[in-house]
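Numbering (my numbering), first residue to last: 359 to 602.
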Amino acid sequence: MGFSLNHETREVFVRLKALFFPEVPYGVARKCLALSAVVAFYTVAYMYLNEATFHGEKFYTVALPFEKDIPFVQELVPSYIFVYFLVITMFLALDSDALLSEAVKTFLVCMGIHLAFFYFMPVMMTERPHLVPNGNLWHDYAAFWYWVDKPTALFPSGHVSMSFLSAYYTRRIHPRLGNFCLVCAAYVGVSVVLIKQHYIADVVAGYLLATVSYLVFKRLDAKKEVGRPVRFETEEIAEGRKAA
359 MGFSLNHETR
369 EVFVRLKALF
379 FPEVPYGVAR
389 KCLALSAVVA
399 FYTVAYMYLN
409 EATFHGEKFY
419 TVALPFEKDI
429 PFVQELVPSY
439 IFVYFLVITM
449 FLALDSDALL
459 SEAVKTFLVC
469 MGIHLAFFYF
479 MPVMMTERPH
489 LVPNGNLWHD
499 YAAFWYWVDK
509 PTALFPSGHV
519 SMSFLSAYYT
529 RRIHPRLGNF
539 CLVCAAYVGV
549 SVVLIKQHYI
559 ADVVAGYLLA
569 TVSYLVFKRL
579 DAKKEVGRPV
589 RFETEEIAEG
599 RKAA
């Protein structure tokens, strides 16, 4: 039972906790370290591929014929960062070693699939409006994100898959909060289409990838655990494991 880490990895966690979070409870420190590692990995890899594929020569299209008629709604641009709040909410909600382990593995595999698609099947958004800052808050905010995030590395939508994965895991612990997060995830899916960041196919693929990944790892980890996973072990227990 517990977080499936080998002795050496546990020792790394304990030392990093002592270095960066000396006064923070052990479980919280581990969640912070796991969150930082997952977000850093995906952000760096995504930004690299986003820039690299933008200068490529071959792109695929997944656009539906009617998508060019979908309006651009700049007021929905703030939803672009909702995914970060959903991910943070999930990590705060996780209450056991086993769930933290399962969530991290699910996210990393899901991210790996995303990055493979971004590299081998680059899709470019061709329906973006050309935005020049004009003093309007939402317009300028949209222009900023268009400048940061190039119109490539779209399929499947990382915003959608990470939002739904976060909502699924939050719902495992807090059903009511999780249901609210699912509504927020659906809102992200609609919004990224209306702000011309993703095609509908990107959103559907992101949702399916998140759902399948979640169900697969939930089933795999269920075979390893009996009953409810144990809660986060204390720092003293972790130190005892080290000594053993």
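We treat Cβ as the ideally placed atom computed from N, Cα and C, and that holds for glycine.
- With a floor of 4 residues, list each alpha helix (DSSP H) that falls wholly inside the stretch 480-518, ordered by position along the chain. 495-506
- Spatial neighbours of residue 379 within its chain, please: CB distance less than 7 angstroms, with the 5 preceding and 5 following residues excluded, ordered by chain position. Confidence is the limiting factor: at residue 379 the pLDDT is only 49, short of 50, which leaves the residue's position unreliable, though a coordinate-based value still follows. Answer for residue 379: 387, 390, listed in chain order.
- Message: For residue 533, count the other beta carbons within 10 Å of its own beta carbon; 16 or more makes it buried, fewer makes it exposed. Which is it?
- Response: That one is exposed.
- Using the beta-carbon count (16 or more within 10 Å), is residue 560 buried or exposed? buried
- Task: Starting from residue 472, follow the alpha helix (DSSP H) in both directions and report where the run begins and ends.
- Result: Segment 455-478, the alpha helix (DSSP H) holding residue 472.
- Task: Tell whether a beta-carbon distance below 9 angstroms holds between residue 558 and residue 422.
- Result: yes
- Message: So, with DSSP's three-state summary, where would you put residue 572?
- Response: helix
- Item | Candidates 443, 393, 432, of which the one nearest residue 538 by Cα | 443
- Task: Can you check DSSP and say which residues form a bridge with residue 418?
- Result: 481
- Task: Tell me whether the beta-carbon of residue 393 lies closer than 9 angstroms to the beta-carbon of residue 445.
- Result: yes
- Inter-residue Cα distance where the pair is residue 514 and residue 426: Linking residue 514 to residue 426 through their CA atoms gives a straight-line distance of about 19 angstroms.
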